[in-house]
Structure formats: structure tokens, C-alpha cells
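For reference, the structure discussed in these notes is given below.
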Amino acid sequence: ANLPKDRLRLAVQKSGRLHTDSMDLLKACGIKIKSPKEKLLLHADNFPLDLLFVRDDDIPQLVMDGVCDLGIVGQNVLEESALERGTANAYVSERVLDFGGCRLAIALPEERPYASVKDLAGLRIATSYPQLTKRYLAQQGVSADVVTLSGSVEIAPRLGLADVICDLVSSGSTLEANKLRAVETIFKSTAALIRNARPLNAEKAHALEIILRRLDGVQKAAG
Ligand code: PRT
Ligand code: ZN
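Numbered per the numbering used here, the sequence shown spans residues 1297 to 1519.
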């Protein structure tokens, strides 16, 4: 009937570790979405919000370029993408969310001795997060080779592709299964709700205010 014409567009991970928590959060905020995953774009029934389902890696760019007004994405992916982009931040972090928690850590084969970050000098470090890894090494004044892999980073030392790794850790069981031990945490992450940096028009800004108010109620109740 008289729903606002201008709908917010939110990018959400299509499937993976953030998908279900993202959808549950929207549901807890009273936003009804039917049968996700089947379509690329879905309209909420009772709110001026559309969801775009994409790979998490695409979310920072979709938001920074303004294709989507909003996104739910891991801060690890966001920061990596912002560093790679190199320009001033084109997004605003509206809320840090209480799911998707993990840390980006440097891990070595269990038997490799390690006293301090200086021991990484001259080594090959395999990671899917080259920007965050290089920034950390530069901050520490350590020069090492960063080898970028898109997945299965934990097997790189066994394959002889690298000496050590820099990968996401949550429970630690992947490291343990691969006989690796974490020695340095270089970035702590959770999911975040981000927005394109340009101001929203009045209609969208109002809709976002409602979402944020509900979200704060939900997160307060949960936390
Ligand atoms: O298909 P798409 O590109 O969208 O998904 P993806 O496979 O790239 O990402 P996905 O779904 O695995 O993760 C999405 C986001 O979840 C990440 O960017 C993080 O922000 C967050 N997250 C939280 C994690 C983890 N915990 C996590 N443990 N992402 C990945 N892992 C991996 C890690 O890389 C390692 O392989 O899980 C393994 C370690 O887990 P533990 O529990 O054994 O320590
Ligand atoms: Zn991804």
C-alpha cells in the first residue's frame, strides 16, 4: 500500500559462517524475509529493506561503491578490503555485532622455536589477508615474504609453500589438527553492520534509525 518507495539495500553473506546469524538478527529486529538463498535479491515484506545475497568478500566493495546502502560483514574482510582499496574510508561502521567472532593470528609448526616477532624475519608467511599481514609486519619492523592463498592456508607449511601462516582462528581446532600453534594475534574481529559513507536521503535515514533502535534492543537483550 503506502510503503516508502525508497528501500534500503543490505548486502548479506549468501551462505557461510555469517549467513544464519545475519538472518536471525534481522528476524529478531522484526523484519520478515521469505525463503532466503533462492534469489539474489529479496524484499522484506514488512519493512522498506531489500537484501542482496553475495560472497562476503564482495560486501565491502558493494557498500563502499554505493551499490548497497548497508552490509553485514566481518571486520577482517572489511579492513583487508579498505587497505587494498587504499583510499579514505568510504564506509561508516554503524554497529559492531555480537557474532562472527575470531582473530587473525600468526601460527607456526609446533616444533619451530619462537621467542618474539623478530623470529619471523625472512620467513614465508601464507595468508588470505596479505594487507593486514603486511601492515602488521611493517608495524613490527619485520621483513618477511607474504604468500597470498585464497584458502586452505593451514596446509601451506606441510606443502612447503610457506614456513608459517597468518589465518583466522576461532576454536583453535584447525590449528591443532594441523600441528600449528598461534604465537601472535594481529587483528580481532566480529561481524559489523556498515553503511556507505555518503548521507542517506531522509526516507532511508529514517528506516535505518528504526533498524538501529531495534538492533540495539536485541543486542542489549542478548548481551
Ligand atoms: O563464500 P564466502 O566467500 O561468502 O565465505 P567464506 O568461505 O569466505 O567465509 P566464511 O563463511 O568461512 O567466514 C565468513 C566470516 O566469518 C569470516 O570472514 C570471519 O569474519 C568469520 N569467522 C569467524 C571465521 C571464523 N570464525 C573461522 N574460524 N571465518 C573463518 N574461519 C575459518 C578459519 O579460516 C580456519 O580455516 O575456520 C578455521 C578455523 O576455525 P577453528 O574453529 O578451527 O579455529
Ligand atoms: Zn569469502
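In this text, a Cβ means the ideal position worked out from N, Cα and C, and glycines have one as well. All of these numbers come straight from a predicted model, not from anything done at the bench.
Open item on the list: Here's a check: name, in chain order, each residue in its chain whose Cβ is nearer than 7 Å to the Cβ of V1392, leaving out the five neighbours to either side.
Closed with: T1486 and A1488
Open item on the list: As a quick check of your reading: which residues have a C-beta less than 6 Å from at least one non-hydrogen atom of the ligand ZN, in chain order?
Closed with: R1351, D1352 and D1353
Task: Residues near C1364 in its chain [Cβ-Cβ closer than 7 Å; skip 5 each side] - done: R1305, L1306, A1307, L1348 and L1358
Open item on the list: The beta strand (DSSP E) that contains Y1425, what's its start and end?
Closed with: Counting along the chain, Y1425 falls outside any beta strand (DSSP E), and DSSP gives it neither H nor E.
TODO: Confirm the yes/no value for this check: CB of N1474, any heavy atom of the ligand PRT, distance under 6 Å.
DONE: no
- [ ] Starting from the C-beta of Y1410, find all residues in its chain whose C-beta is less than 7 Å away, skip the five residues before and the five after it, and write them out in chain order.
- [x] L1404 and V1479
- [ ] Confirm, please, whether the CB-CB distance from C1325 to L1464 is below 7 Å.
- [x] no
Task: Segment limits, alpha helix (DSSP H) that includes D1320 - done: H1315 to A1324
TODO: Give, in chain order, every unbroken run of the alpha helix (DSSP H) that is at least 4 residues long and sits entirely within the segment 1420 to 1484.
DONE: 1426 to 1436, 1452 to 1455 and 1469 to 1473
TODO: Could you tell me whether the Cβ atoms of Y1387 and A1503 are closer together than 7 Å?
DONE: no
- [ ] Taking only the alpha-carbon atoms, compute the straight-line gap between D1260 and L1338 and give it to the nearest angstrom.
- [x] Residue 1260 lies beyond the stretch modelled for the chain, which goes from 1297 to 1519, so this question has no answer here.
Open item on the list: Could you tell me the alpha carbon to alpha carbon distance between V1514 and L1321, rounded to whole angstroms?
Closed with: 8 Å
Task: Nearest neighbour of A1452, chosen from I1506, M1360 and K1475 [CA to CA] - done: K1475
- [ ] Identify which residue in V1449, P1356, G1468 and N1385 has its Cα closest to the Cα of N1372.
- [x] P1356
TODO: Check whether the Cβ of S1446 lies closer than 6 Å to any heavy atom of the ligand PRT, and answer yes or no.
DONE: no
Open item on the list: Quick check: the Cα distance between S1446 and S1466, rounded to an integer number of angstroms?
Closed with: 18 Å
- [ ] Tell me where the beta strand (DSSP E) around V1413 begins and ends.
- [x] Element bounds for V1413: n/a, residue is neither H nor E.
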